[in-house]
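Student: Here the working numbering is used: the first residue of the sequence shown is 4, the next is one more, and so on.
Quick reminder that beta carbons are idealized off the backbone N, C-alpha and C, glycines included.
Pasting a structure here, questions to come.
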Amino acid sequence: MNWDGFTPPGAPPDDRYASGVATGTDAASVAHAARPRLGTAYVAPRDDTERALAAIWSELLGIGELGVHDDFFELGGHSLLATQVAARIRAMFHLDLQLRALFEQPTIAALAEHVAKAALARRLRAPAERPGQAGAPGEAAPDPSAAPARRGASASEFGEISDASEISEISDAAEPEEREEIEL
Numbered sequence: 004m005n006w007d008g009f010t011p012p013g014a015p016p017d018d019r020y021a022s023g024v025a026t027g028t029d030a031a032s033v034a035h036a037a038r039p040r041l042g043t044a045y046v047a048p049r050d051d052t053e054r055a056l057a058a059i060w061s062e063l064l065g066i067g068e069l070g071v072h073d074d075f076f077e078l079g080g081h082s083l084l085a086t087q088v089a090a091r092i093r094a095m096f097h098l099d100l101q102l103r104a105l106f107e108q109p110t111i112a113a114l115a116e117h118v119a120k121a122a123l124a125r126r127l128r129a130p131a132e133r134p135g136q137a138g139a140p141g142e143a144a145p146d147p148s149a150a151p152a153r154r155g156a157s158a159s160e161f162g163e164i165s166d167a168s169e170i171s172e173i174s175d176a177a178e179p180e181e182r183e184e185i186e187l
């Protein structure tokens with residue numbers, strides 16, 4: 004069958020596809036679709052973390068404007084896209100985010116909170132809990148005079164982490180072997 008000039012029934016004619024090959028288009032020039040009608044009101048991303056997550060979703064879903072309470076799956080997301088979202092979040096925030104986190108927190112607001120909590124949890128962990136630190140089998144105990152004493156701190160002393168650069172900075176300070184999955 005010759006597909007040249009074929010237009011699916013009900014579709015408007017488009018000269019760019021007359022030869023069966025898209026012409027004059029590339030990923031950067033394709034316009035994102037408008038936000039579909041959903042049961043939630045539009046609320047713009049409020050901080051850097053939400054803006055970063057919205058940018059990831061926007062690119063993968065092909066939707067230009069996303070609200071922080073829009074559900075990933077109601078927007079057309081599916082398990083394969085969720086895998087790509089999780090991979091990009093891992094790369095951006097240096098967190099070993101489980102895929103299930105997106106299924107359990109399917110909105111930008113909820114996922115941003117999850118990312119912030121995971122970064123804060125890693126920041127608050129005691130050094131003895133990290134792999135390769137003193138206290139592991141076969142390692143010598145640290146010299147108490149060599150380092151200042153550490154005291155416990157509550158999460159409220161650190162405030163809320165909402166800035167993506169702060170989360171990234173905290174994450175970048177960790178050695179690669181310290182980057183482990185943090186389950187909340």
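From Asp-73 to Thr-110, what distance separates their C-alpha atoms?
Tutor: Stepping through the sequence shown from its first residue, residue 73 is reached at position 70. Stepping through the sequence shown from its first residue, residue 110 is reached at position 107. Taking the straight line joining both Cα atoms gives about 6 angstroms.
Student: Taking all protein chains shown into account, do 16 or more other C-beta atoms lie within 10 angstroms of the C-beta of Glu-77, making it buried, or fewer, making it exposed?
Tutor: Working through the sequence shown from its first residue, we reach residue 77 at position 74. Exposed, since its Cβ has fewer than 16 Cβ neighbours within 10 Å.
Student: Is the distance from the Cβ of Tyr-45 to the Cβ of Gly-70 below 9 angstroms?
Tutor: Here the question's residue 45 lines up with position 42 in the sequence shown. Here the question's residue 70 lines up with position 67 in the sequence shown. Using a Cβ distance threshold of 9 angstroms, Tyr-45 and Gly-70 count as a contacting pair.
Student: Is the beta carbon of Glu-53 sitting closer than 9 angstroms to the one on Ala-115?
Tutor: As a working mapping, residue 53 is identified with position 50 in the sequence shown. As a working mapping, residue 115 is identified with position 112 in the sequence shown. Contact flag set, yes.
Student: Looking at the structure shown, is Thr-43 part of a helix, part of a strand, or coil, going by DSSP?
Tutor: In the sequence shown, the residue the question calls residue 43 occupies position 40. Residue state, collapsed to three classes: coil.
Student: Whose CA, out of Met-95, Phe-96, Arg-91, Val-118, lies closest to the CA of Ala-104?
Tutor: Within the sequence shown, residue 104 is the residue found at index 101, counting from 1. Looking at the Cα atoms, Val-118 is the closest of the given residues.
Student: Taking the straight line between their C-alpha atoms, what separation do you get for Leu-187 and Arg-40?
Tutor: Residue mapping note: residue 187 aligns to position 184 of the sequence shown, counting from 1. Residue mapping note: residue 40 aligns to position 37 of the sequence shown, counting from 1. Any answer about Leu-187 is weak, because its pLDDT of 48 lies below 50 and its placement is not dependable; what the coordinates show is given next. If you take the alpha carbons of Leu-187 and Arg-40, they lie about 32 angstroms apart.
Student: Based on Cα-Cα distance, which residue from Ala-85, Phe-96, Ala-113 lies nearest to Leu-102?
Tutor: Stepping through the sequence shown from its first residue, residue 102 is reached at position 99. Per the Cα distances, Ala-85.
Student: Tell me the residue span of the alpha helix (DSSP H) that contains Val-118.
Tutor: Taking the sequence shown and counting its residues from 1, one reaches residue 118 at position 115. Per DSSP, Val-118 belongs to the alpha helix (DSSP H) from 111-127.
Student: Shortest alpha-carbon distance to Ala-121 belongs to which of Val-88, Glu-107, Leu-100, Ala-112?
Tutor: As a working note, residue 121 is residue 118 in the sequence shown. Ranking Val-88, Glu-107, Leu-100, Ala-112 by Cα distance to Ala-121 puts Leu-100 first.
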